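In the numbering used here, the protein residues as written are 91 to 486. Every residue gets a Cβ at the ideal spot worked out from N, C-alpha and C, and that includes glycine. Note that the structure is predicted; figures quoted are calculated from it, not measured.
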Amino acid sequence: MRITAVRVIVTCLDRNYVFVKVITDQDGLYGVGEGTLNGNELAVATTIEHASELLIGRDPLQTEDLWQLLYSWSYWRGGPVFMAAIGAIDLALWDIKGKVAGMPVYQLLGGRSRQGAACYGHAHGDEPAEVEDSVRSFLDRGYRHVRAQLGPYGGKGMARATEPRRPGLPRTSYFSPQPYLLSTVGLFEHLRMTIGEEISLLHDVHERLTPIEAAWLARQLEPYHLFFLEDPLRPEHKESFRLVRQASTTPIAMGELFSSRWDCLPLFEEQLIDYIRVGPIHVGGITEARKICILAEPYQIRSAFHGPGDIGPIGQAAAVHIDVAIPNFGVQEWVTFPELVHEVLPGACRFRDGYAYPSESPGLGIDFDEALARRHPYQRAYMPLVRREDGSMHVY
Ligand code: MG
């Protein structure tokens with residue numbers, strides 16, 4: 091069996107996604123993958139196109155060797171764009187492997203450790219009572235884990251966004267840590283008083299705090315028993331997590347901006363986090379995400395794979411296949427997609443009563459209608475900008 095073509099498509103289905111098809115010389119056999127990297131879709135697509143020439147004529151079942159080839163070929167390795175490109179191709183290779191085996195991908199990763207993956211949804215509002223209503227709407231849909239935000243990010247510390255200079259350019263918001271910190275503590279006091287202790291509550295700082303601010307917040311939130319506090323610090327300086335850890339027993343989740351196992355290792359080795367939040371498509375695919383979970387296991391660190399709206403249904407499916415197989419699964423971030431997304435990508439994971447279930451079809455169990463996607467071309471878009479009160483950039 092040989093790879094004959096790699097096709098990459100950037101499509102805007104309400105938002106931009108990067109999808110690939112890896113085609114083989116076997117009649118009708120192909121794999122689908124995804125490398126969506128919000129705001130950087132064209133950079134990933136170009137990297138995939140450049141790398142794809144290396145894959146033509148190779149055996150698609152050699153997932154490990156092809157991963158090592160893609161990681162090593164350019165010499166300039168690593169980073170989010172490069173690893174998302176590898177991730178897209180790796181997912182497609184696992185999809186082919188599953189189709190050849192006649193099994194869903196989770197069977198190739200060790201089989202089921204659980205029937206479904208427990209998911210958390212995103213509750214938010216401008217005031218605590220609005221967030222409470224939003225949390226209750228998730229409980230009504232069967233969720234047992236809910237992320238709660240005033241905002242959605244930055245809470246009372248985030249001044250209203252200024253309009254972009256022209257459509258498509260990023261909006262700018264202004265962040266002040268003190269009102270954010272105080273309003274966030276008040277939010278969780280309100281939620282525990284009104285909703286009680288039955289539900290697992292999560293909160294995402296979105297990398298906006300300094301180490302001492304994050305340590306203060308983690309300590310102040312202890313009475314409200316968070317399931318985890320996410321992304322308390324920017325990802326570059328791993329040693330900063332020691333300060334948060336020493337200050338508090340609030341569980342910590344980190345990793346959506348990580349792009350490899352080498353980002354994770356310093357936090358694992360000192361047990362500075364409790365949940366690893368990488369997105370499988372952003373760390374080089376199923377091959378690397380599974381290795382990261384294996385590395386986390388002896389440190390009793392669990393998975394909480396990144397899964398917001400800017401990861402599409404193929405990336406979501408890859409995450410859920412890993413979720414149900416690994417022993418140290420924690421929770422899965424979950425969003426629902428607009429109908430158009432499901433029309434272009436039939437076969438997405440099933441969701442019921444707070445749990446996600448992988449497809450039982452061979453491979454990832456999801457398909458991709460290229461012709462329909464091409465009718466919805468890429469539209470230029472950027473991530474929003476955040477500045478400090480004085481107008482300087484807030485690097486988070
Ligand atoms: Mg986050």
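| message | Taking its Cβ as the centre, do 16 or more other Cβ atoms sit within 10 Å of MET283, making it buried, or is it exposed? | response | Within the sequence shown, numbered from 1, the residue matching residue 283 stands at position 193. Result: exposed.
| said: I'd like the span of the beta strand (DSSP E) that includes LYS111, first residue to last. | reply: On the sequence shown, residue 111 is found 21 positions in, with the first residue counted as 1. Segment 105-114, the beta strand (DSSP E) holding LYS111.
| Does the Cβ of GLU297 have 16 or more other Cβ atoms within 10 Å, making it buried, or fewer, making it exposed? | Indexing the sequence shown from 1 puts residue 297 at position 207. So GLU297 ends up on the buried side.
| said: Quick check on MET283: does DSSP put it in helix, strand or coil? | reply: Here residue 283 is taken as the residue at index 193 of the sequence shown, counted from 1. MET283 falls in the helix class under three-state DSSP.
| field | Anticipated Cβ contact below 8 Å, GLY345 with ILE366, distance rounded | value | As a position in the sequence shown, residue 345 is number 255, starting the count at 1. As a position in the sequence shown, residue 366 is number 276, starting the count at 1. That belief holds up - the Cβ atoms of GLY345 and ILE366 are roughly 5 Å apart, short of 8 Å.
| message | If you reduce the DSSP assignment to three classes, tell me which class GLY405 lands in. | response | Locating residue 405 in the sequence shown gives position 315, where the first residue counts as 1. If DSSP states are grouped into helix, strand and coil, GLY405 belongs with the helices.
| said: I'd like the list of long-range same chain contacts for PHE109, defined as Cβ closer than 6 Å, with 5 residues on each side in sequence excluded. | reply: To locate residue 109, count along the sequence shown from 1; it is residue 19. If we look at PHE109 and ignore the five residues flanking it on each side, its Cβ neighbours are ILE99, GLU124 and PHE458.
| field | ASP294 - DSSP class collapsed to helix/strand/coil | value | Here residue 294 refers to the residue found at position 204 of the sequence shown. Strand at ASP294.
| request: Starting from GLU124, follow the beta strand (DSSP E) in both directions and report where the run begins and ends. | output: By one-based count along the sequence shown, residue 124 stands at place 34. From DSSP, the beta strand (DSSP E) with GLU124 extends over 120-124.
| message | Would PHE395 and GLY369 qualify as a contact pair, given that the criterion is a beta-carbon distance under 8 Å? | response | Counting from one through the sequence shown, the residue named residue 395 turns up at place 305. Counting from one through the sequence shown, the residue named residue 369 turns up at place 279. Yes, they are a contact pair.
| message | Distance check for GLU143 and PHE228, CA to CA, integer angstroms please. | response | For this step, residue 228 is matched to residue 138 along the sequence shown. For this step, residue 143 is matched to residue 53 along the sequence shown. C-alpha separation (whole angstroms): 46 Å.
| In chain order, what residues have a CB nearer than 6 Å to some heavy atom of ligand 1? | The filter returns ASP294, HIS296, GLU320, ASP321 and GLU346, in chain order.
| said: Check for me: the alpha helix (DSSP H) holding ILE384 runs from which residue to which? | reply: Walking along the sequence shown from the start, residue 384 turns up at place 294. Here the alpha helix (DSSP H) through ILE384 covers 376-386.
| field | Within 8 Å, strictly: CB atoms of ALA446 and ALA213 | value | For this step, residue 446 is matched to residue 356 along the sequence shown. For this step, residue 213 is matched to residue 123 along the sequence shown. Contact check for ALA446 against ALA213 fails: the beta carbons are separated by 8 Å or more.
| task | Please name the residue or residues paired with PHE441 in a DSSP beta bridge. | result | For this step, residue 441 is matched to residue 351 along the sequence shown. According to DSSP, which records beta bridges pairwise, PHE441 is partnered with ALA446.
| Among GLN158, GLN239 and ASN106, which one has its Cα closest to the Cα of MET473? | On the sequence shown, position 383 is the one that residue 473 refers to. Residue ASN106 is the option with its Cα nearest to MET473.
| field | Endpoints, the beta strand (DSSP E) within which ALA249 is located | value | As a first step, residue 249 must be located in the sequence shown, where it is residue number 159. Note, ALA249: beta strand (DSSP E), 248-252.
| task | Give the straight-line distance between the Cα atoms of ALA308 and VAL295, rounded to the nearest whole angstrom. | result | Stepping through the sequence shown from its first residue, residue 308 is reached at position 218. Stepping through the sequence shown from its first residue, residue 295 is reached at position 205. Each residue's alpha carbon lies about 10 Å from the other.
| query | With 16 other CB atoms within 10 Å as the buried threshold, where does MET173 fall? | reply | For the purposes of this step, residue 173 is taken as the residue at position 83 of the sequence shown. Burial call: buried.
| Through-space distance from LEU119 to VAL112, alpha-carbon basis | The residue you call residue 112 lines up with position 22 of the sequence shown. The residue you call residue 119 lines up with position 29 of the sequence shown. Roughly 9 Å separates the two Cα atoms.
| query | For ASP185, which of GLY455, GLU479 and VAL476 has the nearest alpha-carbon? | reply | Residue mapping note: residue 185 aligns to position 95 of the sequence shown, counting from 1. ASP185 has its Cα closest to that of GLY455, out of GLY455, GLU479 and VAL476.
| task | Could you check if ARG392 is buried or exposed, using at least 16 other CB atoms within 10 Å of its CB as the buried criterion? | result | As a first step, residue 392 is located in the sequence shown; it is residue number 302 there, counting from the start. ARG392 should be labelled buried.
| Extent of the continuous beta strand (DSSP E) run through TYR264 | Walking along the sequence shown from the start, residue 264 turns up at place 174. Element bounds for TYR264: 262-265.
| When DSSP builds the beta bridges, which residues end up paired with ALA305? | In the sequence shown, residue 305 corresponds to position 215, counting from 1. Bridge partners of ALA305: none, in fact.
| field | Beta-carbon separation (whole angstroms), LEU357 vs LYS328, contact threshold 8 Å | value | Your numbering for residue 357 matches position 267 in the sequence shown. Your numbering for residue 328 matches position 238 in the sequence shown. Contact holds; Cβ gap of about 6 Å.
| request: Please name the residue in ASN130, GLY215, SER164 and ALA238 whose C-alpha comes closest to that of ASP400. | output: By 1-based counting over the sequence shown, the position of residue 400 is 310. Nearest option by C-alpha distance: ASN130.
| request: Tell me whether PRO467 sits in a helix, a strand or coil according to DSSP, three-state version. | output: Numbered from its first residue, the sequence shown carries residue 467 at position 377. Correct three-state label for PRO467: strand.
| message | Does LEU36 pass the burial test, meaning 16 or more other C-beta atoms within 10 Å, or should it be called exposed? | response | Absent from the model: residue 36. The displayed extent of the chain is 91 to 486, so no value can be given.
| query | Hey, out of GLY374, PRO428 and TYR233, whose CA is closest to GLY169's CA? | reply | The residue you call residue 169 lines up with position 79 of the sequence shown. The shortest Cα separation from GLY169 among GLY374, PRO428 and TYR233 belongs to GLY374.
| Backbone CA spacing between LEU316 and ARG148 [nearest angstrom] | Here residue 316 corresponds to residue number 226 of the sequence shown, with the count starting at 1. Here residue 148 corresponds to residue number 58 of the sequence shown, with the count starting at 1. Approximately 48 Å, taken between the alpha carbons.
| field | Runs of beta strand (DSSP E) lying entirely within the stretch 159-243, each at least 3 residues, in chain order | value | 207-215 and 235-240
| task | Quick one: using the 10 Å Cβ neighbour count with 16 as the cut-off for buried, is THR126 buried or exposed? | result | Residue 126 sits at position 36 when you count from the first residue of the sequence shown. That one is buried.
| request: Under 8 Å by Cβ, that's how I've got PHE419 and ASP364 pegged, so tell me the actual separation to the nearest angstrom. | output: The residue labelled residue 419 in the question sits at position 329 within the sequence shown. The residue labelled residue 364 in the question sits at position 274 within the sequence shown. Incorrect: roughly 13 Å between the Cβ atoms, too far for contact.
| Nonlocal neighbours in the same chain, by C-beta distance under 7 Å from SER72, ignoring five residues either side | No information on residue 72 is available, as it lies outside the stretch 91 to 486 that the chain covers here.
| field | With 16 other Cβ atoms within 10 Å as the buried cut-off, status of GLY188 | value | Position 98 of the sequence shown holds residue 188. Flag for GLY188 reads buried.
| Excluding the five sequence neighbours on either side, which residues of its own chain have a C-beta within less than 7 Å of the C-beta of SER266, listed in chain order? | As a working note, residue 266 is residue 176 in the sequence shown. Correct list, in chain order: GLY247 and GLU479.
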